[in-house]
Amino acid sequence: MIILRENEIKLDTYLALRAAVNWKKLSREQAELALDNALYTVCAYDGEKAVGMGRIVGDGAVVVYVQDLIVLPEYQKMGIGKQLIEHLIEYVKGINQPGNEIMLCLMCAKGRESFYEKYGFISRPNDNLGPGMIQYIKE
Numbered sequence: 226m227i228i229l230r231e232n233e234i235k236l237d238t239y240l241a242l243r244a245a246v247n248w249k250k251l252s253r254e255q256a257e258l259a260l261d262n263a264l265y266t267v268c269a270y271d272g273e274k275a276v277g278m279g280r281i282v283g284d285g286a287v288v289v290y291v292q293d294l295i296v297l298p299e300y301q302k303m304g305i306g307k308q309l310i311e312h313l314i315e316y317v318k319g320i321n322q323p324g325n326e327i328m329l330c331l332m333c334a335k336g337r338e339s340f341y342e343k344y345g346f347i348s349r350p351n352d353n354l355g356p357g358m359i360q361y362i363k364e
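For the sequence shown, our numbering begins at 226 and goes up steadily by one.
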């Protein structure tokens with residue numbers, strides 16, 4: 226059974242998850258600062274093993290970003306990404322002020338657009354990179 230834990234991801238866990246999906250290597254200091262400055266993190270665990278995580282960054286009022294959404298390759302296609310993105314979206318809905326609109330943005334890897342479109346994100350095509358995407362959440 227997958228358990229989600231909020232705002233308690235450890236530095237080594239973050240670095241290991243990034244490495245498992247071949248993301249750019251970060252220094253420990255850079256990764257620690259990134260986690261410290263995140264608005265919100267959620268980590269998925271299978272028992273005590275971290276199998277995925279998501280992170281929101283931004284100003285918390287006008288614009289926020291899904292900066293990280295990682296699921297270990299051997300745990301993909303099991304609904305963990307769905308759980309993580311839904312938690313990230315719910316967090317943003319929860320910080321949005323009544324009557325305001327907040328932009329929830331992300332940059333996805335090429336070929337992953339359809340996953341995010343299922344959750345209301347809108348593609349912005351780019352010839353060289355995967356598209357930027359944005360979702361407007363209004364209270």
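For every residue, glycine included, the Cβ atom is placed at its ideal position computed from N, Cα and C.
Just so you know, these numbers come straight off a predicted model, no measurement behind them.
Checklist entry - Measuring CA to CA, which of Y300, E338, L309 and A286 is closest to K274? => result The residue labelled residue 274 in the question sits at position 49 within the sequence shown. Y300 is the residue among Y300, E338, L309 and A286 whose C-alpha sits nearest the C-alpha of K274.
Item to check | Which of helix, strand or coil DSSP assigns to L329 | outcome: The sequence position of residue 329 within the sequence shown is 104, counting from 1. L329 carries a strand assignment under DSSP once its states are collapsed to helix, strand and coil.
Item to check | Cβ pair count under 8 Å reaching 3, the stretch 243-257 against the stretch 313-333 | outcome: Below 8 Å, too few C-beta pairs join the stretch 243-257 and the stretch 313-333 to call them touching: fewer than three.
Checklist entry - Apart from the five residues on each side of it in sequence, which residues of its chain come closer than 7 Å, Cβ to Cβ, to Y341? => result Numbered from 1 along the sequence shown, position 116 holds the residue referred to as residue 341. Here the set comprises L331, C333 and M358.
Checklist entry - With 16 as the cutoff for other CB atoms within 10 Å, does I347 come out buried or exposed? => result Counted from its first residue, the sequence shown places residue 347 at position 122. Exposed.
Next on the checklist: What residue range does the beta strand (DSSP E) around I314 cover?
Outcome noted: Counted from its first residue, the sequence shown places residue 314 at position 89. Premise fails: I314 lies in the alpha helix (DSSP H), I305 to I320, not in any beta strand (DSSP E).
Item to check | Q301 in three-state terms, based on DSSP | outcome: Position 76 of the sequence shown, counted from the start, is the residue given in the question as residue 301. Here DSSP, grouped into helix, strand and coil, assigns Q301 to coil.
Next on the checklist: Please identify the residue among G285, V288, A263 and D293 whose C-alpha is closest to the C-alpha of G277.
Outcome noted: Position 52 of the sequence shown holds residue 277. For G277, the nearest C-alpha among the options comes from D293.
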